[in-house]
Every structure is written in structure tokens, then in C-alpha cells.
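Take 1 as the starting number for the sequence shown in the working numbering and just add one per residue.
Heads up, the beta-carbon is just placed ideally off N, CA and C, and yes, glycines get one too.
What follows is a set of notes on a single structure, which appears directly below.
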Amino acid sequence: LGAGLLFLDAGDVTEIVPDPAFGGQRGMETGQTVSASENSARLAGALTLMDDRLRLGTAVGIVSSDLAGIGRSAPFLDLGAQYLVSGVTLGAAVQHLGGAMASD
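What follows is the structure, given as C-alpha cells:
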């Protein structure tokens, strides 16, 4: 069993919007600041079967993102398997299964 947390804070940055005087190809400062952050939490587990030849693992969690005060989050699922055959370990994984980020 395992658990994990991830926190990323980009801090405050100056807000810049497209400048219509330059066709939106350049930016101009608004005088405001915005912030950005990413967070993730997960729980994971694994087990062995068939005399330790087959290993299965899964992790479930949630990821959230906040940019300029607009927050979104989504659950996710990771699955993995390994199989030992004739001294060679074959493995496969599917990661980040989940829906679209939705408003908090």
C-alpha cells in the first residue's frame, strides 16, 4: 500500500492580456497579479498471484488545478501488470484514466 501527495505553487505573476493596438500579438500588463497551483493526492496498492509470477497494481486519486482563481479537478485511475515468463518480465500500464477537469 502507498499514498502520495503533490503540491506545486507557481506563486503570483503579473497578469498580461493581449494588446489590441498590436493585433493581440503583444501583451500589456493589467496591474493585477494572478496565481497558479497544482495539487494531487493518490492511494495505491499491489498484489502478487500465481506463485509471484503475476503482479497487479492500481492507484486512484484526484488532481486539481487553479489558475487565476479558476479551479478545476478530476479523479484518475492507473492500472499496471507484470508477468514473469522464462526469466523475462513482461509489463504493461495504463495511466491517467479519468474524466475531464470539472469546476470545483
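So Phe7 is in the beta strand (DSSP E); what residue range does that whole segment cover?
Gly2 to Pro18
Taking contact to mean 3 or more Cβ pairs, one atom from each stretch, closer than 8 Å, check whether the region 1-18 and the region 33-41 are in contact.
yes
Once you ignore the five residues that flank Ala3 on each side, which residues in its own chain have a CB closer than 6 Å to its CB?
Leu43
In chain order, what residues of the same chain have a beta carbon less than 6 Å from the beta carbon of Gly99, not counting five sequence neighbours either side?
Ala74
Alpha carbon to alpha carbon, what distance is there between Gln95 and Met89?
In the sequence as displayed, the identity of residue 89 is Thr instead of Met. Spanning the two alpha carbons is a distance of roughly 19 Å.
Based on the DSSP secondary-structure assignment, which residues constitute the bridge partners of Gly71?
Asp66
What's the gap between the Cα of Arg53 and the Cα of Ala46?
13 Å
Relative to the C-alpha of Phe76, which candidate in Leu8, Leu84, Val60 and Ala41 has its C-alpha closest?
Val60
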